[in-house]
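Each protein sequence line maps, in turn, to chains X and U.
If you use the numbering used here, the first sequence closes out at 582, no skipped numbers anywhere.
If you use the numbering used here, the second sequence closes out at 582, no skipped numbers anywhere.
Just so it is clear, CB atoms sit at the ideal spot from N, CA and C, and this is done for glycine as well.
Protein chains: 2
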Amino acid sequence: MITRMSSLFLRTLRDDPADAEVPSHKLLVRAGYVRRAAPGVYSWLPLGLRVLRAVENVVREEMNAIGAQEILLPALLPREPYEATGRWTEYGSALFRLQDRKGADMLLGPTHEELFTQLVKGEYSSYKDLPVTLYQIQTKYRDEERPRAGILRGREFVMKDSYSFDLTDEGLAKSYRAHRDAYQAIMARLGVEYVIVAATSGAMGGSASEEFLAISEVGEDTFVRSSDGSYAANVEAVVTPPGQPRDTDGLPAAIAYDTGETPTIATLVDWANGALDRTVTAADTLKNVLVKIRRPGEDWVITGIGVPGDREVDFKRLEAAVEPAEVELLGDDDFAANPALVRGYIGPAGVKAAGGTYLVDPRVVTGTAWITGADEAGKHVVDLVAGRDFTPDGTIEAAEVRDGDLAPDGTGTLVSAKGIEIGHIFQLGRKYTDAFEVDVLGENGKPVRLTMGSYGIGVSRLVAVIAEQMHDEKGLRWPREVAPFDVHVVIANKDEGAVAGAQALVEQLDAAGVEVLFDDRKASPGVKFKDAELLGVPTVVVVGRGFADGTIEVRDRLSGATDEVAVGEAVDAVLALARGEG
Amino acid sequence: MITRMSSLFLRTLRDDPADAEVPSHKLLVRAGYVRRAAPGVYSWLPLGLRVLRAVENVVREEMNAIGAQEILLPALLPREPYEATGRWTEYGSALFRLQDRKGADMLLGPTHEELFTQLVKGEYSSYKDLPVTLYQIQTKYRDEERPRAGILRGREFVMKDSYSFDLTDEGLAKSYRAHRDAYQAIMARLGVEYVIVAATSGAMGGSASEEFLAISEVGEDTFVRSSDGSYAANVEAVVTPPGQPRDTDGLPAAIAYDTGETPTIATLVDWANGALDRTVTAADTLKNVLVKIRRPGEDWVITGIGVPGDREVDFKRLEAAVEPAEVELLGDDDFAANPALVRGYIGPAGVKAAGGTYLVDPRVVTGTAWITGADEAGKHVVDLVAGRDFTPDGTIEAAEVRDGDLAPDGTGTLVSAKGIEIGHIFQLGRKYTDAFEVDVLGENGKPVRLTMGSYGIGVSRLVAVIAEQMHDEKGLRWPREVAPFDVHVVIANKDEGAVAGAQALVEQLDAAGVEVLFDDRKASPGVKFKDAELLGVPTVVVVGRGFADGTIEVRDRLSGATDEVAVGEAVDAVLALARGEG
Chain X
1 MITRMSSLFL RTLRDDPADA EVPSHKLLVR AGYVRRAAPG VYSWLPLGLR VLRAVENVVR
61 EEMNAIGAQE ILLPALLPRE PYEATGRWTE YGSALFRLQD RKGADMLLGP THEELFTQLV
121 KGEYSSYKDL PVTLYQIQTK YRDEERPRAG ILRGREFVMK DSYSFDLTDE GLAKSYRAHR
181 DAYQAIMARL GVEYVIVAAT SGAMGGSASE EFLAISEVGE DTFVRSSDGS YAANVEAVVT
241 PPGQPRDTDG LPAAIAYDTG ETPTIATLVD WANGALDRTV TAADTLKNVL VKIRRPGEDW
301 VITGIGVPGD REVDFKRLEA AVEPAEVELL GDDDFAANPA LVRGYIGPAG VKAAGGTYLV
361 DPRVVTGTAW ITGADEAGKH VVDLVAGRDF TPDGTIEAAE VRDGDLAPDG TGTLVSAKGI
421 EIGHIFQLGR KYTDAFEVDV LGENGKPVRL TMGSYGIGVS RLVAVIAEQM HDEKGLRWPR
481 EVAPFDVHVV IANKDEGAVA GAQALVEQLD AAGVEVLFDD RKASPGVKFK DAELLGVPTV
541 VVVGRGFADG TIEVRDRLSG ATDEVAVGEA VDAVLALARG EG
Chain U
1 MITRMSSLFL RTLRDDPADA EVPSHKLLVR AGYVRRAAPG VYSWLPLGLR VLRAVENVVR
61 EEMNAIGAQE ILLPALLPRE PYEATGRWTE YGSALFRLQD RKGADMLLGP THEELFTQLV
121 KGEYSSYKDL PVTLYQIQTK YRDEERPRAG ILRGREFVMK DSYSFDLTDE GLAKSYRAHR
181 DAYQAIMARL GVEYVIVAAT SGAMGGSASE EFLAISEVGE DTFVRSSDGS YAANVEAVVT
241 PPGQPRDTDG LPAAIAYDTG ETPTIATLVD WANGALDRTV TAADTLKNVL VKIRRPGEDW
301 VITGIGVPGD REVDFKRLEA AVEPAEVELL GDDDFAANPA LVRGYIGPAG VKAAGGTYLV
361 DPRVVTGTAW ITGADEAGKH VVDLVAGRDF TPDGTIEAAE VRDGDLAPDG TGTLVSAKGI
421 EIGHIFQLGR KYTDAFEVDV LGENGKPVRL TMGSYGIGVS RLVAVIAEQM HDEKGLRWPR
481 EVAPFDVHVV IANKDEGAVA GAQALVEQLD AAGVEVLFDD RKASPGVKFK DAELLGVPTV
541 VVVGRGFADG TIEVRDRLSG ATDEVAVGEA VDAVLALARG EG
């Protein structure tokens, strides 16, 4: 098809939109791909919609290739199924809730585990029907607290969500693997630079899960990779290699000291280097952070978290570690109610005396000696030995992860980077099939509870991610697989012959099945070239001054390379490029 | 592609669903095309989604053919634009409203005039950009009071809505005509039997509008056609041919009579035939129905509606006639407050005496004489002449339309039928461009207010309509253009050679680009044939007993015809059918 810019619904903007901070957002708006309709809610204009549909198609093809079957569920959903799994409440204010005219509670689907589970229960009853994988490419809704960066984190967005149903754990592992492979194929076709990280599964429930993160400075997710690249994990999912337990025999006894006004690790280290006969660093101290934790349906429990004093507690890691329990820092009221807890001087004993739970970083193992609070103002204990002088109630992954930390699998040290979540695959197990009692008749005549996987790809987000990773200072640059057009033909010569030549070229390309954007506007070549760079079609053909001499110009938007091609060979040259043979 | 029924997510049902009343609903559920998720909210299973997408594509191609440009707007919308046009309120409880986490009012878009208008205002500023037509194929939401018949009238549904923007009324008329033609092309391709009727435009505002109604006994819209078929209109839009005014000179004087207990037309006619020296029918009486009407922002006004006594007031026609005003029947309180209104004996004078407005049917013209109420209990006036004894404040189209009424354009008499609204085209004019002040710079340097058209097609509804019009007692029957598959190949022979032959045939068809549904299940031929009839793929190929003798069976689902074809010629025969050459 030929799309003429003279009548295309497209207005490029010279200036960045005021509310845009990240390059993809600026460029997608400036190039007329999307427009904001409400906070976190965007309209797709002709070029944007073409890219969105192209991304959808890549995803669809790869899902079909693993035998997943496409269906389409509604976005407007009844409350009951989400009530049954607890997610009506768990989603908190991220869920768009509404009532219909009869007062029935409804919601806009943020993800569809419940409905797919009910659907399979309704249709299938025998082991012979399994396994089955269903998917949809559908509009989803989440009332994000901070929608940002245009379509990168919207409140209405397009997602591919699929759900596998298997008879056995091995079957689930196979379905999971098939999705993992399909996602890798998708990202490869889209040209997205990504990393697969071990992830925690958040509100989704379930056990094994991995995230596909697009590597990007504007990402909101921090992940770490081992120096040889073989290990990668979401920071929340990093497992600290535990320290080696040591024999406590022969270690010096713990001694309490008056340390004066030393409520911080820095002041404590200063005191120790003055008062003790050794060099002390923050890593020799044990910092005890007090929080309270509440498991669903239970009371708050005061919890001390002991970490080496050179590290902070990373609250996101802490939250992930205790989920689905909630966690909060201890407030003034809590300290007032528990005089055993002396701020700035808290030790393991104080936590226990206050009836609390005491959890430690995995580095705090039996035989390690620490300088820590003595539970009296101005006092600390030196050489308090784990496993001898105190026994933690368990370990917790709450300490911050830092560049240079050892990778859990021994593949070197960790380096952190930023990423954008573009896919998430979960081995959910039986959380949802238990909630809805989804059994089929097994081969032996007994009921089998199905096991389930859930797999998502942010389709509209991928459009922004590709823009983010591929753009340059002049504008967008689309990989051929998702470009809104194959070729952008620019008339940059008012001569009648050149105009007719451009027209003929465009028609020949069209006849050959090439999607052509034809800049037939009465604008200056400069304006047209700038727009071509901004719009980012991979191949730009300029019918310009050289036409009189029998040549046209073929520009590669990605490499920036320019070729002079004889007019008679232009169609073949462009076709070769459009077919990826360039 | 080959879709194998052994692994297809499909379960056909023997029994009709309990909540289904119309054939399309029963069959689409029984054949596993759709499933109910909530009242008026449906999931599309694999076969249903294929038909839906096929209908979408036909609509898309025809919209593209008239130069309309596809975009995609959100479904979740801010309140403000709908507030600006009054539709936030006008839509009443048909609008799904919700609040986001910050308490901002939002809605689920029922139709998108406001957003498209704002979009064009934002992008375009010069007459050079016009005209432009934009469209989307998108999920819409209306909280129907009575969702019914599955996807025929859902609360979440897929619609194609387009919007034209023109500089002049002539331009709008041209855009409107282009849509009208495109809609006719779409219906022809889909094989839908339809009629185009003059319509009132309801809450949409604007002047000229027509509806595309699919002819169907299960339709909710009543329309009338003239006996020669050249006139058709929604009942609400029928214009009554006015009576011929006559000279009032020489007509008998009006005389009031004691008519006794005659509060109904029937009792009045009985009295008249006994008391007067002529034959009287209900058509000689003037029935005065009392209502109150409230224009937006004004007070209720008592209104008498005078219609020939052989006709009822059709409340839907009355509502359409007074829109956007509201109308209600007069209540006991109103009668109590207005003693001039004597129930059962109301005449034109009484309405005026009560300070009301008096409107009449267009048949009540100057010189017509009526028997009507004398505004006293037990009294009526005979020979009350319009234009002499009373002067109405105007006419109103509120009387029922009946089979046999004259067509307004003189093309015979009217016959009524039922239809399903599948398309609606509006010449909106400047209602929305006025609301948002959408001007562009005209050729003469002065601002030009744009004029607008709005055009909708119920895409998901069309799936039900096609099922409704095309089915037979055995199941669905799809036109090739939208069939979920081109060919349904059934193995009805357990012989290894036959199975291998079917497999080879299926692969050859697939290689030729035919979409094949392959019934490779281990079920009996009877079960498979029943399912094939239920599913409704246009061509069914049976590899059965004849295979040993070198033949297969090719069945036409539409005509029911069966052909024996030599195995070697099977692929060509099926290809010819799939290409519509059969």
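Beta-bridge pairing of residue i - partner residues as DSSP gives them
{"i": "His424/U", "result": "Glu211/U, Gly456/U"}
{"i": "His380/U", "result": "Tyr257/U, Gly373/U"}
{"i": "Asp221/X", "result": "Gly419/X"}
{"i": "Met1/U", "result": "Paired residue(s): none; Met1/U is not in a bridge."}
{"i": "Val542/U", "result": "Val490/U, Glu553/U"}
{"i": "Arg36/X", "result": "Tyr42/X"}
C-alpha distance - residue i paired with residue j, whole-angstrom precision
{"i": "Asp383/U", "j": "Ala272/U", "result": "12 angstroms"}
{"i": "Pro17/X", "j": "Ala38/X", "result": "14 angstroms"}
{"i": "Val291/X", "j": "Arg363/X", "result": "20 angstroms"}
{"i": "Gly582/U", "j": "Arg557/U", "result": "Model confidence at Gly582/U stands at a pLDDT of 49, short of 50, so the residue's coordinates are unreliable and nothing is read from them."}
{"i": "Val269/U", "j": "Tyr257/U", "result": "13 angstroms"}
{"i": "Ser524/U", "j": "Ala492/U", "result": "7 angstroms"}
{"i": "Ile137/U", "j": "Ile305/X", "result": "54 angstroms"}
{"i": "Val438/X", "j": "Pro81/X", "result": "13 angstroms"}
{"i": "Asp284/X", "j": "Ala253/X", "result": "16 angstroms"}
{"i": "Val132/X", "j": "Asp166/X", "result": "7 angstroms"}
{"i": "Leu577/X", "j": "Ile186/U", "result": "36 angstroms"}
{"i": "His488/U", "j": "Leu534/U", "result": "12 angstroms"}
{"i": "Gln118/U", "j": "Asp161/U", "result": "16 angstroms"}
{"i": "Ala512/X", "j": "Gln503/X", "result": "14 angstroms"}
{"i": "Ala203/X", "j": "Gly243/X", "result": "Here the model assigns Ala203/X a pLDDT of 43, short of 50, so the residue's position is not dependable, and the following value carries that caveat. About 31 angstroms."}
Contacts around residue i, its chain only, beta-carbon distance under 7 angstroms, and the 5 residues preceding and following it disregarded
{"i": "Ser142/U", "result": "One detail in the question is off: residue 142/U reads as Arg in this sequence, not Ser. The answer, listed in chain order, is Ala94, Pro110, Arg155."}
{"i": "Ala566/U", "result": "Gly550, Thr551"}
{"i": "Gly205/U", "result": "Residue placement at Gly205/U is poorly supported in this model, since its pLDDT is 44, which falls under 50; the coordinates are not used for a value here."}
{"i": "Arg79/X", "result": "Trp88, Asp105, Met106, Leu107"}
Chain-order list of residues whose beta-carbon lies under 6 angstroms from that of residue i (same chain, five-residue window excluded)
{"i": "Ser230/X", "result": "Thr411"}
{"i": "Arg555/U", "result": "Val540, Thr562"}
{"i": "Phe390/U", "result": "Pro348"}
{"i": "Val385/X", "result": "Thr248, Leu251, Ala369"}
{"i": "Pro408/U", "result": "Val239, Pro241"}
{"i": "Ala182/U", "result": "Glu62, Ile66"}
{"i": "Phe315/U", "result": "none"}
Same chain, Cβ closer than 8 angstroms to residue i, neighbours up to 5 away in sequence not counted
{"i": "Arg4/U", "result": "Phe518, Asp520"}
{"i": "Lys494/X", "result": "none"}
{"i": "Arg14/U", "result": "Arg30"}
**OP:** Indicate whether the contact test is met: 3 or more Cβ pairs, each with one atom in the segment 326 to 335 of chain X and one in the segment 269 to 279 of chain X, closer than 8 angstroms.
**Re:** no
**OP:** Could you tell me whether the segment 436 to 446 of chain X touches the segment 240 to 251 of chain X, where touching means 3 or more Cβ pairs closer than 8 angstroms?
**Re:** no
Original post:
Quick one, which residues of the segment 136 to 164 of chain X are near chain U if we go by CB-CB under 8 angstroms, in chain order?
Top reply: Thr139, Tyr141, Asp143, Glu145, Arg155, Glu156
Subject >> Segment contact, 8 angstroms Cβ cut-off, at least three pairs: the segment 18 to 32 of chain U with the segment 143 to 153 of chain U >> reply: Three or more Cβ pairs drawn from the segment 18 to 32 of chain U and the segment 143 to 153 of chain U lie within less than 8 angstroms of each other, which places the two stretches in contact.
**OP:** Could you tell me whether the segment 75 to 87 of chain X touches the segment 389 to 405 of chain X, where touching means 3 or more Cβ pairs closer than 8 angstroms?
**Re:** no
Original post:
Quick check: the segment 173 to 182 of chain X against the segment 446 to 455 of chain X, are there 3 or more CB pairs under 8 angstroms?
Top reply: Enough Cβ pairs lie closer than 8 angstroms, so yes.
**OP:** Count the C-beta pairs between the segment 259 to 266 of chain U and the segment 419 to 437 of chain U that are closer than 8 angstroms, then say yes if the count reaches three, no if not.
**Re:** Result no; under three Cβ-Cβ pairs closer than 8 angstroms.
Original post:
Is the number of C-beta pairs between the segment 307 to 323 of chain U and the segment 340 to 347 of chain U that are closer than 8 angstroms three or more?
Top reply: no
Original post:
Per the contact definition of three or more C-beta pairs closer than 8 angstroms, is the segment 407 to 421 of chain X in contact with the segment 216 to 227 of chain X?
Top reply: yes
Subject >> Validate contact between the segment 114 to 129 of chain X and the segment 455 to 469 of chain X using beta carbons, cut 8 angstroms, 3 pairs >> reply: The answer is no - the segment 455 to 469 of chain X does not touch the segment 114 to 129 of chain X, with fewer than three Cβ pairs under 8 angstroms.
**OP:** Mind checking the segment 75 to 100 of chain X against chain U and listing, in chain order, the residues whose C-beta falls within less than 8 angstroms of any C-beta there?
**Re:** Ala75, Leu76, Leu77, Pro78, Ser93, Ala94, Phe96, Arg97, Leu98, Asp100
Original post:
At a cut of 8 angstroms, does the segment 373 to 382 of chain X reach the segment 291 to 303 of chain X through at least three beta carbon pairs?
Top reply: no
Original post:
Residues in the segment 467 to 499 of chain X with C-beta within 7 angstroms of chain U's C-beta atoms, listed in sequence order?
Top reply: none
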